[in-house]
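Trainee: The following block contains the structure, expressed as structure tokens.
Number of protein chains: 2
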Amino acid sequence: MDPRVREHAEIIVEHSTAVEEGDNVIVSAPPVAEDLVVAIAEKLGEVGANPSYSFNSSRASRAFMRASDPDEFTLPEHKLAEMEETDVVIIVRGDTNTSETGDVPPETRSALAQAWKPVQEERMGKRWVGTQYPAPGNAQDAEMSTAAYEEFVYNAVNKDWDEQREFQANMVEILDPADEVHIVSGDTTDIRMSVEGMVTANDYAELNLPGGEVYTAPVPDSVEGEVLFDKPLMAQGREIVDAWLRFEDGAVVEHSAAKNEDVLGAVLDTDEGARRLGELGIGMNRDIDRFTYNILFDEKMGDTIHLAIGQAIEHTVPDGRPMNESAMHMDMIVDMSEDSFIEVDGEVVQRDGTFRFEDGFEG
Amino acid sequence: MDPRVREHAEIIVEHSTAVEEGDNVIVSAPPVAEDLVVAIAEKLGEVGANPSYSFNSSRASRAFMRASDPDEFTLPEHKLAEMEETDVVIIVRGDTNTSETGDVPPETRSALAQAWKPVQEERMGKRWVGTQYPAPGNAQDAEMSTAAYEEFVYNAVNKDWDEQREFQANMVEILDPADEVHIVSGDTTDIRMSVEGMVTANDYAELNLPGGEVYTAPVPDSVEGEVLFDKPLMAQGREIVDAWLRFEDGAVVEHSAAKNEDVLGAVLDTDEGARRLGELGIGMNRDIDRFTYNILFDEKMGDTIHLAIGQAIEHTVPDGRPMNESAMHMDMIVDMSEDSFIEVDGEVVQRDGTFRFEDGFEG
Chain U
49 MDPRVREHAE
59 IIVEHSTAVE
69 EGDNVIVSAP
79 PVAEDLVVAI
89 AEKLGEVGAN
99 PSYSFNSSRA
109 SRAFMRASDP
119 DEFTLPEHKL
129 AEMEETDVVI
139 IVRGDTNTSE
149 TGDVPPETRS
159 ALAQAWKPVQ
169 EERMGKRWVG
179 TQYPAPGNAQ
189 DAEMSTAAYE
199 EFVYNAVNKD
209 WDEQREFQAN
219 MVEILDPADE
229 VHIVSGDTTD
239 IRMSVEGMVT
249 ANDYAELNLP
259 GGEVYTAPVP
269 DSVEGEVLFD
279 KPLMAQGREI
289 VDAWLRFEDG
299 AVVEHSAAKN
309 EDVLGAVLDT
319 DEGARRLGEL
329 GIGMNRDIDR
339 FTYNILFDEK
349 MGDTIHLAIG
359 QAIEHTVPDG
369 RPMNESAMHM
379 DMIVDMSEDS
389 FIEVDGEVVQ
399 RDGTFRFEDG
409 FEG
Chain R
49 MDPRVREHAE
59 IIVEHSTAVE
69 EGDNVIVSAP
79 PVAEDLVVAI
89 AEKLGEVGAN
99 PSYSFNSSRA
109 SRAFMRASDP
119 DEFTLPEHKL
129 AEMEETDVVI
139 IVRGDTNTSE
149 TGDVPPETRS
159 ALAQAWKPVQ
169 EERMGKRWVG
179 TQYPAPGNAQ
189 DAEMSTAAYE
199 EFVYNAVNKD
209 WDEQREFQAN
219 MVEILDPADE
229 VHIVSGDTTD
239 IRMSVEGMVT
249 ANDYAELNLP
259 GGEVYTAPVP
269 DSVEGEVLFD
279 KPLMAQGREI
289 VDAWLRFEDG
299 AVVEHSAAKN
309 EDVLGAVLDT
319 DEGARRLGEL
329 GIGMNRDIDR
339 FTYNILFDEK
349 MGDTIHLAIG
359 QAIEHTVPDG
369 RPMNESAMHM
379 DMIVDMSEDS
389 FIEVDGEVVQ
399 RDGTFRFEDG
409 FEG
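Chains as they are written, first to last, in this note's numbering: chain U, 49 to 411; chain R, 49 to 411.
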């Protein structure tokens, strides 16, 4: 077996989820990821955990959902009980075809998700991690050979996460006590927001593997200016290119896109919260050096920032601070590698991708 | 998808397990059998069942078992609860390498089986079926190409089971009220036993798919004579060829084999019940026309009988009749196609593979 798969398994079991003896562990994986399941099983055996393995086939999901009457979905009570008794959930993603469920009606999909919501909510309170197996379908989305994509995934995932945590802590120290953030990129992005009183989180690959971002919540009404998201994004199974938003008093008042502008409009119309920002993130995983149409990686890409319209991430908003709420949370990415800067409380903290706490920084 | 896979799924869901709306269904399958899982998922969607899918990887099992301390195996309580709440269990077998767990110490294997015994026992009370996906490892055991093996499997599995049930019922009618059975094949097999008061069962693919046998329990002390099992059998991962047994007062008093005689001896020494017969079966699925080193098929092969040393099958032994008990149940097969007959209460009911109730029978 590829030694990188074993290393990935070790990081999942030891770092991201810290599995202990006697833990009940669910490993959910697609058939294509059997190698990683084998390597995880070996680690779980060493630790003395009790694994069960869930066969997560997008082809089977599609067949089931299309054949079902969406009004009839119910949650078997024992699936909730199972999750309650579970200590750790390891979710491995990996596709042989990322469009596999593309012909399932959205209503069916939401009806099933709705039925299973109690299990999902229960899961959120567990130690869990979502990670990626370098499957051919994901390589294809990234326009890479499977071999090259494997190299990309393992570079991003099999890192010294203690070192990464310390690197990112420099940025948390700047952002956590800050009031105002000002982001400029070329002549297309110039946006200001307050993060006053919000919590800045350091993502070093606990819930997501790879990790590699620092993120917080903007004060909902404080956002002003305009931003061009020069990396593409996927919404409702369609690609939005060059999404552009203009904010006034925190809300999007104008928008456009070079492709699928109507889809962007539909997303913004989801609910009131979908017109406001829920997250400001700073990508700091420099082994993610290219865009691959997979948000698990893209949002952590080095030399980028991302803003999410919609729902704020709960642990970044302390009690008593205003929290943006929405059924939507859509991450949108801005390249910061050239002709760009991030200013925090009037001081430039990153210019053209180099941080203030690094060699080569020019303030 | 191969239409034979869909037909297999239909028989599993509609005939073998009779899944109904609202049933909680566990589908356990190896990654190689994804096609069948997809087809089963579709049927379950149509019926309105609640499936969950278990990823049954022999590679992962091996890795887990080898890495584990066998003294530490415990059964998570929720796995038992899950089985209690389950209505139907569908177990799909299929190997890319049938020797995959060959280097797991037998003690580790039994320790894990022991820990999970309550779940297995609970499962036996459910509607369940064990079936086969035509995977390359199983084709290799059968010395067939995967394509030819697929043809073999689907011929054996995708049958009109009502018709097969009626065909077999003829033999049940003969055997169920019978006292003495006498089986002769060439000059190597001549064995007599009583089946007085025992129940004869008709296997038309409920718990096993394929089905295709009629079976009962010999009275333990009644077996007399000798038998040469001229089809090979696997025990403890090794092949026993030309196993020969001589019975007196129901017990094996002499044995030999052309290959791995010591393994046969070890099996007979398992416990007291391992020297007596637990089952007499008559193979009646004529689409199983060759031996494939897979007992799920081999024991139902047309023109064969099989005898199992060890544990009797509970529902063939009525209350008050003597039941053979053992930790072992090993099926052993005799070819009846030539120079052979089965005599029931002094009357020949099968000669050279043709039954009394068929054209061409010569009594």
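Note that beta-carbon positions come from the ideal geometry of N, C-alpha and C, so glycine has one too.
None of these values were measured; they are calculated from a predicted model.
State yes or no: is the beta carbon of R/P366 nearer than 7 Å to at least one beta carbon in chain U?
Mentor: Judged by the 7 Å Cβ criterion, R/P366 is not in contact with chain U.
Trainee: Could you tell me if U/T248 is buried or exposed, where buried requires 16 or more neighbouring beta carbons within 10 angstroms of its beta carbon?
Mentor: U/T248 should be labelled buried.
Trainee: What is the rounded straight-line gap between the Cα of R/E155 and the Cα of R/T146?
Mentor: C-alpha separation (whole angstroms): 19 Å.
Trainee: Compare the Cα-Cα distances from R/H63 to each of R/K207, R/P78, R/E169 and R/P99 and report the closest residue.
Mentor: Closest option to R/H63, Cα to Cα, is R/K207.
Trainee: What are the residues of the region 105-128 of chain U that lie near chain R, defined by any Cβ-Cβ distance shorter than 9 Å?
Mentor: Residues passing the 9 Å Cβ filter: S105, R107, A108, S109, R110, A111, F112, M113, R114, A115, S116, D117, E120, F121, T122, L123, P124, E125, H126 and K127.
Trainee: For R/D351, is the classification buried or exposed, using 16 other Cβ atoms within 10 angstroms of its Cβ as the cut-off for buried?
Mentor: Classification for R/D351: buried.
Trainee: Going by other Cβ atoms of all chains shown within 10 Å of its Cβ, with 16 needed for buried, is R/Y56 buried or exposed?
Mentor: According to the sequence provided, residue 56 of chain R is His. The question's Tyr does not apply to it. Buried, since its Cβ has 16 or more Cβ neighbours within 10 Å.
Trainee: Which residue wins for smallest C-alpha separation from R/V136, given the options R/L92, R/W292, R/F121 and R/D387?
Mentor: Minimum Cα distance to R/V136 is reached at R/L92.
Trainee: Take R/A360 as the anchor and find which of R/L276, R/G142, R/N72 and R/P268 has the nearest alpha-carbon.
Mentor: The option with the nearest alpha carbon to R/A360 is R/P268.
Trainee: I want to see whether chain R comes within less than 7 Å of U/G245, judged by CB atoms only; does it?
Mentor: Output row for U/G245: interface = no.
Trainee: Buried or exposed for R/G394, please, with buried defined as at least 16 other CB atoms from any protein chain shown within 10 angstroms of its CB.
Mentor: Flag for R/G394 reads exposed.
Trainee: Would you grab the beta carbon distance between R/F389 and R/R404 for me? Rounded to a whole angstrom, and I think it's under 8 Å.
Mentor: That belief does not hold up - the Cβ atoms of R/F389 and R/R404 are roughly 11 Å apart, past 8 Å.
Trainee: Do you know offhand how far U/S304's Cα is from U/K348's?
Mentor: Going from the Cα of U/S304 to the Cα of U/K348 covers about 25 Å.
Trainee: Out of curiosity, what's the CA-to-CA distance linking R/A195 and R/V205?
Mentor: So the alpha carbons of these two residues sit roughly 15 Å apart.
Trainee: Chain U partners of R/G102, CB-CB under 9 Å?
Mentor: Sequence check: residue 102 of chain R is Ser here, not Gly. What R/S102 touches in chain U: S100, Y101, S102 and F103.
Trainee: Would you mind listing the beta strand (DSSP E) stretches within the region 108-132 of chain U that are 3+ residues and don't spill past its ends, in chain order?
Mentor: Within the region 108-132 of chain U, no complete beta strand (DSSP E) run reaches 3 residues.
Trainee: Going by the CB atoms, is the gap between R/A217 and R/V392 shorter than 7 Å?
Mentor: No, Cβ-Cβ distance for R/V392 and R/A217 is not below 7 Å.
Trainee: Measuring only the C-alpha atoms, how far is R/I357 from R/G329?
Mentor: In a straight line, the C-alpha of R/I357 is about 12 Å away from that of R/G329.
Trainee: Touch check for the region 219-235 of chain U and the region 167-182 of chain U: three-plus C-beta pairs under 8 Å?
Mentor: Segments in contact, no.
Trainee: Quick one: does U/E274 have its CB under 7 Å from some CB of chain R?
Mentor: By this cut-off, U/E274 is not an interface position.
Trainee: Closer than 6 Å by C-beta to R/W292: which residues in its own chain qualify, once you throw out the five before and the five after it? Chain order, please.
Mentor: Hits under 6 Å: L276 and S304.
Trainee: Could you tell me how far apart the beta carbons of U/E261 and U/G331 are, in whole angstroms, since I believe they sit closer than 8 Å?
Mentor: 5 Å between Cβ atoms; contact.
Trainee: Can you name the start and end residues of the alpha helix (DSSP H) that R/L84 belongs to?
Mentor: Element bounds for R/L84: E82 to V95.
Trainee: Just verifying my parser: in three-state terms, what is the DSSP assignment at R/D367?
Mentor: Correct three-state label for R/D367: coil.
Trainee: Quick one, which residues of the region 63-82 of chain R are near chain U if we go by CB-CB under 9 Å, in chain order?
Mentor: The residues in question are E69, G70, N72, V75, S76, A77, P78, P79, V80, A81 and E82.
Trainee: What would DSSP say about U/P99, mapped onto helix, strand or coil?
Mentor: Three-state DSSP puts U/P99 in a strand.
Trainee: Of all Cβ atoms in chain R, is any one closer than 7 Å to the Cβ of U/V152?
Mentor: No - not a single Cβ of chain R is within 7 Å of the one on U/V152.
Trainee: Which residues mark the beginning and the end of the alpha helix (DSSP H) in which R/H63 is found?
Mentor: Note, R/H63: premise wrong, no alpha helix (DSSP H); not H, not E.
Trainee: Along the chain, where does the alpha helix (DSSP H) that runs through R/S385 open and close?
Mentor: Note, R/S385: premise wrong, no alpha helix (DSSP H); not H, not E.
Trainee: If we ignore side chains and look at the alpha-carbon of each, how far apart do U/Y101 and U/S76 end up?
Mentor: Going from the Cα of U/Y101 to the Cα of U/S76 covers about 6 Å.
Trainee: So, for U/R323: in the same chain, excluding its five sequence neighbours on each side, which residues have a beta-carbon less than 6 Å away from its beta-carbon?
Mentor: The answer, listed in chain order, is A299, V300 and L316.
Trainee: Restricting to runs no shorter than 3 residues, where is the beta strand (DSSP E) found entirely within the region 318-350 of chain U?
Mentor: The qualifying runs are 325-331.
Trainee: Please decide whether R/G185 counts as near chain U, where near means a Cβ-Cβ distance under 7 Å.
Mentor: Answer no: the Cβ-Cβ gap between R/G185 and chain U never drops below 7 Å.
Trainee: For U/L92, which residues in chain R fall below 7 Å Cβ to Cβ?
Mentor: Under the 7 Å cutoff, chain R gives F112.
Trainee: For U/I357, report the span of its beta strand (DSSP E) as first-last.
Mentor: T352 to G358 is the extent of the beta strand (DSSP E) around U/I357.
Trainee: Say whether chain U places a C-beta atom closer than 7 Å to the C-beta of R/G96.
Mentor: Taking Cβ atoms only, chain U reaches closer than 7 Å to R/G96, which makes this a yes.
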